[in-house]
Amino acid sequence: MGSAANIGVIEGVNRVHHSNFLNNNLPDKCANLIIADPPYFEVKGAFDFVWEDMKAYLLDVEKWAIECKRLLADNGTLFWYGHAKKIAYAQIIFDKYFNLENSLIWEKTSGAVLQGTKGLRCFTPLTERILMYSSEPKNNNEENFFESFDVIRSYLVNECEKADIKTKKQYENILASTNKSQHHLSKSHFHLITELDYLKLQEYCVLNKKIAFLKPHEQLKFEYEQTRRPFLNVNEYTDVLKFKSETYITGKYDHETCKPETLTRALILTCSRPNDLVFIPFAGSGTEVAMSVKEGRRAIGYDIESKYVEMSNRRVQAILMKPELFH
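Residue numbers (the numbering used here): 2 to 328.
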């Protein structure tokens, strides 16, 4: 396993390609974040009604899931949009390939969506669903260990050799705690060593005149955080995401299911880092690609409709041409 940070130069970024995303030539595990707003199946827009039946649609969903699995980095996040009445079918498929982190609800807080709902014989629909997935192991065992963590683990093992710490018991005696060797030195149940425990090892080396554990703990922590899946929830969002539909913005674009910019930016800022690669398999109006570029990420989108590709790329170019001060 590895993280997308290990991938070299990716060509064709910050644009939408006129192609089925299944036909991409991108390397494995290149995407730090995937935001997918696929056809929901017979809900809205001509692209929702191209399948003979639900069975045929779900066959494609499985293909989409498999390709997203190939593209997503081990420390990446996948968001998959869906209709409240249809998302469960997709979840059954995606649960086979990813670890479900959240079943999010987007609550549309703008009053316009309430118009024309008085005659309904059910509760007024004000929400859509977003499944949030990771590739993180579901079980902490050696088979599912993230190899990207091995840089830190190997460093600790090598430093123990330099310090003549030869057994797990000796290691745990120095730390005055049991089971720490399993967490710090083995692949199962790996955890980053705490600053206090690291200080104990450094003090041991000083007392015994061993040259080891010289790297500052702050550097270890930085390397660890860069390896982990980004999740910076500074606005303390819950699993109910309350955002307006922003029709005053989305109405500018000729697309039936354009998502709001503010919601999109929240997903990007929470679950990716600057310069990360954001992959958008169904670019549509270009919201996800444009907002990724706006927030200093690299973005690659795909769409099979030429009019959407042209519209999305115009939207991206408008951001790229705008001075950074006005982003």
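Even glycine gets a Cβ: it sits at the ideal position worked out from N, Cα and C. Because the structure is a prediction, the values reported are computed rather than measured.
Cβ distance (whole Å) where residue i is taken to contact residue j below 8 Å
i, j, result
"R299", "V279", "7 Å"
"H256", "Y309", "7 Å"
"S286", "Y254", "4 Å"
"V44", "Y303", "Not quite, the Cβ-Cβ distance comes to about 21 Å (not below 8 Å), so this is no contact."
"T263", "F244", "6 Å"
"G83", "Y41", "6 Å"
"K109", "S246", "5 Å"
"I88", "L132", "7 Å"
"K210", "K163", "At roughly 12 Å, the Cβ-Cβ gap does not stay under 8 Å, so K210 and K163 are not in contact."
"R130", "A85", "6 Å"
"G46", "T258", "6 Å"
"K56", "F99", "That belief does not hold up - the Cβ atoms of K56 and F99 are roughly 22 Å apart, past 8 Å."
"T78", "R230", "6 Å"
"K216", "Y156", "7 Å"
DSSP state of residue i mapped onto helix, strand, coil
i, result
"K295", "helix"
"S307", "helix"
"I131", "strand"
"A300", "strand"
"E63", "helix"
"E36", "According to the sequence shown, residue 36 is Ile rather than Glu. If DSSP states are grouped into helix, strand and coil, I36 belongs with the strands."
"E258", "It is Thr, not Glu, that sits at residue 258 in the sequence shown. T258: coil per DSSP, three-state reduction."
"Y41", "coil"
"T179", "coil"
"V241", "strand"
"K109", "strand"
"E247", "coil"
"D49", "helix"
"I274", "According to the sequence shown, residue 274 is Arg rather than Ile. Coil at R274, not helix or strand."
"E102", "strand"
"T78", "strand"
"F95", "helix"
"F124", "coil"
"I269", "helix"
"L27", "coil"
"I349", "Not covered by the structure: residue 349. The range shown for the chain is 2 to 328."
"F232", "coil"
"F283", "coil"
"V14", "coil"
Residues of its chain near residue i, where Cβ-Cβ distance is below 7 Å and the 5 sequence neighbours each way are ignored
i, result
"L268", "I36, F80"
"N26", "none"
"N276", "G297, R298, R299"
"N7", "The predicted model places N7 with a pLDDT of 46, which falls under 50 and marks its position as unreliable; any figure quoted below should be read in that light. Contacts found: none."
Same chain, Cβ closer than 6 Å to residue i, five either side skipped, listed in chain order
i, result
"E160", "A213, F214"
"R316", "G287, A291"
"Y281", "Reading the sequence as shown, one finds Ile at residue 281 and not Tyr. Same-chain partners within the cutoff: I36, E289, V290, G302."
"V158", "L186"
"P39", "F283"
"I194", "H185"
"E68", "L23"
"I251", "One point to set straight first is that residue 251 is Thr, not Ile, in the sequence displayed. Contacts found: C259."
"E137", "N100"
"T179", "E173"
Cβ-based neighbour list, residue i, same chain, cut-off 8 Å, excluding 5 preceding and 5 following
i, result
"H192", "H184, H185"
"K201", "I175, L176, A177"
"I305", "H19, S20, N21"
"M331", "Because the chain is modelled from 2 through 328, residue 331 falls outside the range shown and cannot be assessed."
"L101", "Q92, F95, L132, M133, Y134"
"G3", "For G3, the predicted structure reports a pLDDT of 49, less than 50, and the residue's modelled location is therefore unreliable. A value from the coordinates is still provided. K30, A74, D75, E148, S149, listed in sequence order."
"Y225", "F150, I153, L193"
"N234", "T271"
Residue i beta carbon near the ligand FMN (any heavy atom closer than 7 Å)
i, result
"I212", "Ligands displayed in this structure: none; no statement on the ligand FMN is therefore possible."
C-beta neighbour in chain C for residue i, strict 8 Å
i, result
"F50", "Note that chain C does not occur in the displayed structure, where there is just one protein chain."
Open item on the list: Measuring CB atoms only, is the stretch 27–36 touching the stretch 68–75, in the sense that at least three cross pairs come out at less than 8 Å?
Closed with: The stretch 27–36, when compared against the stretch 68–75, does touch it at the 8 Å Cβ threshold.
Task: the stretch 56–66 in contact with the stretch 88–103 per 3-pair CB rule at 8 Å - done: yes
TODO: Just list the alpha helix (DSSP H) runs in the stretch 182–226, keeping only unbroken ones of 4 residues or longer that don't cross its boundaries, in chain order.
DONE: 196–208
Open item on the list: Contact between the stretch 193–205 and the stretch 234–251 is defined here as three or more beta-carbon pairs at a separation below 8 Å; is this criterion met?
Closed with: Contact between the stretch 193–205 and the stretch 234–251 is absent, because fewer than three Cβ pairs lie under 8 Å.
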